[in-house]
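Asks: Quick note: to get the working numbering, add 1 to the position in the sequence shown (first position is 1).
All residues carry an ideal CB built from backbone N, CA and C; glycine is no exception.
Since the structure is predicted, the reported quantities are computational estimates derived from the model, not experimental observations.
Got a structure for you, questions after.
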Amino acid sequence: MTTVTGRLIGAPHPERMEVTATLVDVTGRRTIGYAAGIPGEVVQDQRIHPDSTGAWSLDLLPNTEITSDAGDTLWCITEGRAPDGTPNRTYIAVPASGSHWIGSIRADLSDAQSGQSAVVYLAGQAGPQGPEGPAGQDGADGAPGADGKSAYEIAVEEGFAGTEAEWLASLVGPKGDTGAQGPPGADGSNADAEAYTDAAITTHTTAPDPHGDRAYADSKLAKASNLADLPSVSTARTNLGLGGAAVLSVGTSAGTVAAGNDPRITGALQATGGTISGNLAVTGNALGMDTPAAHGVAAWCYDPALAVNSTQMSNGTVYLTRVNIAANTSITKIYWWVGGEGFSPVVGQNQVGLYDSAGTLLASTNVDAAISSATLKTTTIPGQTVTAGAFYWVAMVFNASGPPTLTRGSGWTGVGTAVNLGLSASTFRFAMNGTGRTALPASITPSANVATDFAGPWAAVG
């Protein structure tokens, strides 16, 4: 065996990624090979998870010790995905021995032909450094750069939560302490006028009726009467817009205004707790998180952003993924995600469909052609009316020389028990139901479900 090493750079959690080594021919197409020194020994794919720093190491059989009907072979190393979803692949020719960094044994595939064979470019030894060339001419001035971000936009990136107006307000500091009192000003020249004004104010404020209208006002609406001298209390109440409740006492019996603990109030959710029964359908981001409705679908098994890994499906196994329906609707689409393409599908034996919770197959569609490319798949089925509060299973079965690798969530030890915690087999979120299948059966027995060892495959309906 020869050791090949590498490192994932830029992944926030590289230990959750999966590095795979797959045997391919010199055109990059997956092939079957045999260990030259062990008759009948088929060369297997290798999988490993990097450590927390992204470093990984694989022990691989040298390509010179592999025989294949396809002729010469290479190893294809897949390290996660690019931002656009494309797998990050590197083709290498593994030497006969030693430990090698992946970049030092890289092989570049080419469309050029030599006879009936593809040309493969392997890394050679570096030649001596040539002499320094003459300095080039200065290039033309570049186009003006894009405007930089505003201070508010930078504050948002640094964690500020709020509007621009709120951010501006946050820049204003608290009010400072009152300053020391200044020295007294110089005396003015109108001291006589001020003395006269002070005397006039005192005379006015101490007079019993300075305007001559206090006796009239007191005869119309005396403050001391507390509205008891109103000609008609009921008319005044009507004019103020007060209803009958304005003259009722608070209580818990008939003819009183209900208090918060009134037994006559039933079915109301109390401020300190309570239970909402039935289904709860929300739109957009009403719960402060991404929901299926915000993405225009009826339901999914979990946010697709959590599908950070993938697993190759086993031929003939029926895989079930549960989706919970929040609102009555009609389902015409099933979404599923191929992370690594399959090849050579058995005609008519690759299907995606929908079962109800009783195990009845509602609809299914052939997906032979869909397994050969890695991307999000949208499969159309005949319209199926689904019920709010109920759950359904998206079902998949594959048969191919190379079955597809589908995206999934966690694959840690014990995940089959964790994701189905508290559920009976007939209500499992992720399960298998039968092997050796060439098509989805017309019905399944939900109580025969067996938990998968990974949270997946990911699926959604809409």
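#1: Tell me, please, which residues DSSP counts as bridged to ILE332.
#2: Starting from GLY417, trace the alpha helix (DSSP H) both ways and give me its first and last residue.
#3: Could you check whether the Cβ of GLY149 sits closer than 9 Å to any Cβ belonging to chain D?
#4: Go ahead and label GLN130 buried or exposed: buried means 16 or more other beta carbons lie within 10 angstroms of its beta carbon, across all protein chains shown.
#5: Is the stretch 421-434 touching the stretch 367-386 in the sense that three or more CB pairs, one from each, lie closer than 8 Å?
#6: Is it true that the CB of ALA37 sits closer than 9 Å to the CB of THR87?
#7: What is the DSSP secondary structure of GLN114, reduced to helix, strand or coil?
#8: Name the DSSP beta bridge partners of PRO88, please?
#9: So ILE266 and ALA299 are supposed to be a Cβ contact under 8 Å. How far apart are they, rounded?
#10: With a threshold of 7 Å on Cβ separation, who are the neighbours of ASN367 within its own chain once the five nearest residues in sequence on each side are excluded?
#11: Which runs of the alpha helix (DSSP H) fall wholly inside the stretch 225-260 and span at least 4 residues, in chain order?
#12: Going by CA-CA distance only, name the one from VAL44, PRO51, ALA22, ARG31 that's closest to LEU9.
#13: Is SER100 helix, strand or coil when you go by DSSP?
#14: Quick one, are the C-beta atoms of ALA56 and GLY7 less than 9 Å apart?
#15: DSSP has TRP338 in a bridge; who is on the other side?
#16: Report the rounded CA-to-CA distance for ALA391 versus SER358, giving the unit in angstroms.
#17: Quick check: the Cα distance between TRP338 and ALA460, rounded to an integer number of angstroms?
#18: Please give me, in chain order, every unbroken run of the beta strand (DSSP E) with length at least 3 that falls completely inside the stretch 289-370.
#19: Assuming ARG409 and ALA308 form a contact by the criterion Cβ under 8 Å, report the distance between their Cβ atoms to the nearest whole angstrom.
#20: Where do the ends of the alpha helix (DSSP H) carrying TRP168 lie?
Replies: This is what the structure gives:
#1: GLN385
#2: 416-420
#3: The structure shown has no chain D; it contains just one protein chain.
#4: exposed
#5: no
#6: Cβ distance not < 9 Å, so THR87 and ALA37 don't count as in contact.
#7: Here the model assigns GLN114 a pLDDT of 41, short of 50, so the residue's position is not dependable, and the following value carries that caveat. GLN114: strand per DSSP, three-state reduction.
#8: ARG82
#9: ILE266 to ALA299, Cβ: 35 Å. No contact.
#10: GLY349, ASN351, GLN352
#11: 234-240
#12: PRO51
#13: Three-state result, SER100: strand.
#14: yes
#15: LEU377
#16: 8 Å
#17: When rounded, the distance between both Cα atoms is 7 Å.
#18: As summarised for the stretch 289-370, the continuous beta strand (DSSP E) elements at least 3 residues long and confined to that stretch are 310-313, 320-325, 330-341, 344-346, 352-357, 362-367, given in chain order.
#19: Under the criterion of beta carbons closer than 8 Å, ARG409 and ALA308 qualify as touching, at roughly 6 Å.
#20: 165-171
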